[in-house]
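Under the working numbering, the sequence shown has 1141 at position 25, and the numbering climbs by one with no breaks. In what follows, a structure is listed as structure tokens, so that the remarks can point back to it.
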Amino acid sequence: MGVLEGKVAVVTGAGRGLGRSHALALAKEGARVVVNDFGVSADGQGRDESAGRGVVDEIKAFGGEAVAHFGDVADWNESKGMIETAVKAFGDFNILVSNAGFLRDKMFFSMSEADFDAVIRVHLKGHFCGMRHAAEYLRNKAKAEGGQVYGRILSTASEAALFFDPGQPNYSAAKSGIIALTNSAAQALIRVGVTANTFMPRARTAMTATGPSAQFFQKPESGFDAFDPAHTSPLVCWLASPAA
Ligand SMILES: NC(=O)c1ccc[n+]([C@@H]2O[C@H](COP(=O)([O-])OP(=O)(O)OC[C@H]3O[C@@H](n4cnc5c(N)ncnc54)[C@H](O)[C@@H]3O)[C@@H](O)[C@H]2O)c1
């Protein structure tokens, strides 16, 4: 029996990369999973539901339970619909892994207003919307049941929040903001038994496949593949578990 048997999880941006890996790992630990993905390119263009559907099929193929949600995490109502999808499909909601996002890198002095707004929106507002709707559901449930509930909020920051890359002013600011936002949620929710944590992954995905550091993430010809996204998901499962 997995450590998340019976729990209900929502993973945003779970159609590929780190989100896909987290969704598969949570399902293997027994969680029933809402696979959210808007299906955009690594710089936030286009729209494609096939990747999200594919991850649902992968989970079902090993006997797990999953449903898809194709909404935009940074849209207030669509993000609310993500939590509602969990409750409708599985009767409850316990775990939110906020992960969706994209990059629009430009040096500080050439960054446009549009690229700043788009990256702040998808990462910082995208984390806020999901967390806010999750918090409301969990707090209402705790009030109705007169006690504590099982809830885990997980947020995805980045080393950009620590090292302040000059080519990522939008992303660095959004990821720093996510740490503050998640710590605020942690203080608001701990009294009802809910934890909120932020982690900083590193992996080979569409986001790191191009650009100056792409070579660094390449799969080695032999030996341990340190940047396989799957290596990040045991931490996610642990933070989502009763042990955390
Ligand atoms: N890959 C790394 O080394 C690394 C390092 C630090 C942080 N991160 C963070 O990890 C997270 C996942 O990144 P990844 O590397 O797997 O990238 P990725 O591009 O492979 O996956 C991102 C996913 O988010 C989805 N998405 C984008 N905008 C969305 C929206 N508005 N609503 C719903 N889904 C949306 C995309 O469709 C895509 O499937 C991001 O928050 C990223 O900033 C990644």
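Using N, Cα and C, we set each Cβ at its ideal position, and we do this for glycine too.
query: Any idea if residue 1274 is buried or exposed, counting beta-carbon neighbours within 10 angstroms, 16 or more meaning buried?; result: buried
query: Quick check on residue 1220: does DSSP put it in helix, strand or coil?; result: coil
query: How long is the line joining the alpha carbons of residue 1276 and residue 1257, rounded to whole angstroms?; result: 36 Å
query: What residue ranges within the segment 1276-1320 form continuous alpha helix (DSSP H) runs of no fewer than 4 residues, ordered along the chain?; result: 1276-1279, 1285-1305
query: Is the segment 1205-1223 touching the segment 1122-1142, taking contact as three or more C-beta pairs under 8 Å?; result: yes
query: If contact is defined by three or more beta carbon pairs under 8 Å, each pair taking one atom from either stretch, is the segment 1284-1295 in contact with the segment 1321-1341?; result: no
query: Less than 7 Å between the CB of residue 1327 and some heavy atom of ligand 1, yes or no?; result: no
query: Measure how close the beta-carbons of residue 1320 and residue 1344 come, nearest whole angstrom, since I'm counting them as under 8 Å.; result: 7 Å
query: Closer than 7 Å: is that where the CB of residue 1247 sits relative to any heavy atom of ligand 1?; result: no
query: Taking 8 Å as the threshold (C-beta atoms), are residue 1210 and residue 1144 in contact?; result: no
query: Are the CB atoms of residue 1151 and residue 1205 nearer to each other than 8 Å?; result: no
query: Would you decide whether residue 1163 is buried or exposed? Buried here means 16 or more other CB atoms lie within 10 Å of its CB.; result: exposed
query: With H, G and I counted as helix, E and B as strand and the rest as coil, what does DSSP make of residue 1267?; result: strand
query: If residue 1158 and residue 1316 are in contact, beta carbons under 8 Å, what's the gap, nearest whole angstrom?; result: Going by Cβ atoms, the distance from residue 1158 to residue 1316 rounds to 19 Å, so no, they are not a contact pair.
query: Is any heavy atom of ligand 1 found at a distance shorter than 7 Å from the C-beta of residue 1169?; result: no
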